[in-house]
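Here the structure is laid out as structure tokens; the discussion comes afterwards.
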Amino acid sequence: MSSSAKVKSSGVRRSSRPDADRSDDQRKEKDPLALRQLSTPDDLDTYMEKLYEEDMESKLDGITQILNLSEYGANIEMLVQNEAVLNDEYKKNYDFTLHMMRIFWCYSNFLQLHPILSNYRIGAITLKIVDFEVKRHQLRIEEEKLLQESLVKASHEHPDVLAKLKSEAKKNKKRSKKQDQLLFVCLSVLFNLSEDIHTERKMVKKKIVHFLAKMLDRVTPDLVILTLGFLKKLR
Numbered sequence: 105m106s107s108s109a110k111v112k113s114s115g116v117r118r119s120s121r122p123d124a125d126r127s128d129d130q131r132k133e134k135d136p137l138a139l140r141q142l143s144t145p146d147d148l149d150t151y152m153e154k155l156y157e158e159d160m161e162s163k164l165d166g167i168t169q170i171l172n173l174s175e176y177g178a179n180i181e182m183l184v185q186n187e188a189v190l191n192d193e194y195k196k197n198y199d200f201t202l203h204m205m206r207i208f209w210c211y212s213n214f215l216q217l218h219p220i221l222s223n224y225r226i227g228a229i230t231l232k233i234v235d236f237e238v239k240r241h242q243l244r245i246e247e248e249k250l251l252q253e254s255l256v257k258a259s260h261e262h263p264d265v266l267a268k269l270k271s272e273a274k275k276n277k278k279r280s281k282k283q284d285q286l287l288f289v290c291l292s293v294l295f296n297l298s299e300d301i302h303t304e305r306k307m308v309k310k311k312i313v314h315f316l317a318k319m320l321d322r323v324t325p326d327l328v329i330l331t332l333g334f335l336k337k338l339r
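All residue numbers for the sequence shown refer to my numbering, where the first residue is 105 and numbers rise by one.
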């Protein structure tokens, strides 16, 4: 299959859109897919080069433009060959990782593209991201608990402690919401790739069930529903 050939819509297996919980106005304003007319296939090489720039702003611009072009499964081989960029950056920048995973989500909806994604270990990288985010969430909970304990002890001397606790709780709520968004996209990719029974077995060996169990106490409904569906599929 030519890497530049578009994949027909027949034979497509789609999970729910990773941004399905956002309003139409929010999608128009923030979702790069709504701005796809600004991205052109002729400039793909330029977008790819931006992924290797030093500054994150250039990386984000490049990955956003590529995301705009990725919905129809075109140029997949050229794009997934740069999975090393995601492997290097996923711990450093949330937005970059989310955009990259949205690209892989678009491709994962096409069954005929799964062998290419598998060849470049996209599933394995996605599992690494999920593992990292699960550990980061656990660490954040422990840090928040320690902070609360220390602030409560000092509350009789510092009357502004409650205000600080509320401020920290608000920040953590925002972080958790953003993290849930990324986890939803990652699990959507893995769910689609698990259509292949051999890939599914590999995921089970790599403790996908453990990661899914950690999702059950999240507050985002779409993430919990996807998790339950995934667990049911793995029974």
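From the three backbone atoms N, C-alpha and C, an ideal C-beta is built for every residue, glycine too.
Here the structure is a predicted model, which is why all the values come from computation and not from measurement.
Taking the CB atoms as reference points, tell me whether H218 and T168 lie closer together than 8 Å.
For H218 and T168, no; Cβs fall outside 8 Å.
Run the CB neighbour count on F334, radius 10 Å, all protein chains shown included, and call it buried at 16 or more, exposed below.
Buried, because 16 or more other Cβ atoms sit within 10 Å of the Cβ of F334.
Give the range of the alpha helix (DSSP H) segment to which R305 is assigned.
Start and end: I301 to K309.
Nearest to Y224 by alpha carbon, out of L286, M319, V189 and V313?
Checked all of L286, M319, V189 and V313; the closest Cα to Y224 is V189.
Considering only C-alpha positions, which residue in the set N172, M319, S254 and L215 is nearest to L297?
With distances taken between Cα atoms, L297 lies closest to L215.
Given a cut-off of 8 Å, decide if L294 and T331 are closer than it, judged by their beta-carbon atoms.
Going by C-beta atoms, T331 is not nearer than 8 Å to L294.
So, is S254 buried or exposed, given that buried needs 16 or more other C-beta atoms within 10 angstroms?
Answer is exposed; the Cβ neighbour count stays below 16.
Please classify Y194 as buried or exposed, where buried requires at least 16 other C-beta atoms within 10 Å of its C-beta.
It counts as buried.
Give the DSSP-derived three-state secondary structure of Y156 in the structure shown.
Coil.
V328 lies in the alpha helix (DSSP H); which residues open and close that run?
V328 -> alpha helix (DSSP H) spans P325 to L338.
Give the DSSP-derived three-state secondary structure of L320 in the structure shown.
L320: coil per DSSP, three-state reduction.
At 4 residues or longer, what runs of the alpha helix (DSSP H) sit wholly inside the segment 187-254?
Those alpha helix (DSSP H) runs which fall completely within the segment 187-254 and span 4+ residues are 187-193, 198-212 and 218-223.
Determine the closest residue to Q317 out of Q252, D235, N191 and I245, with distance taken between C-alpha atoms.
In the sequence under discussion, the amino acid at residue 317 is Ala, which differs from the Gln named in the question. Ranking the options by Cα distance to A317, first place goes to D235.
Under the rule that 16 or more other beta-carbon atoms within 10 Å means buried, what is Q283, buried or exposed?
Burial call: buried.
Relative to the C-alpha of L155, which residue among K311, D192 and I220 is closest?
It is D192 whose Cα lies nearest to the Cα of L155.
Is it true that the CB of N276 sits closer than 8 Å to the CB of E248?
Yes, the pair counts as a contact, with Cβ atoms nearer than the cut-off.
Beta carbon of I180, beta carbon of I220: below 8 Å?
Yes, the pair counts as a contact, with Cβ atoms nearer than the cut-off.
Can you look up K132 in the DSSP assignment and give me helix, strand or coil?
Low local confidence applies: a pLDDT of 42 at K132 is under 50, so the model's placement there is unreliable, with the coordinate-based value given in what follows. Residue state, collapsed to three classes: helix.
Can you tell which of Y211, E158 and K239 has its C-alpha closest to the C-alpha of L287?
Among Y211, E158 and K239, the Cα nearest to that of L287 is on K239.
Would you decide whether H241 is buried or exposed? Buried here means 16 or more other CB atoms lie within 10 Å of its CB.
So H241 ends up on the buried side.
Label K163 either buried or exposed according to how many other C-beta atoms from any shown protein chain fall within 10 Å of its C-beta, with 16 as the threshold for buried.
Buried: at least 16 other Cβ atoms inside 10 Å.
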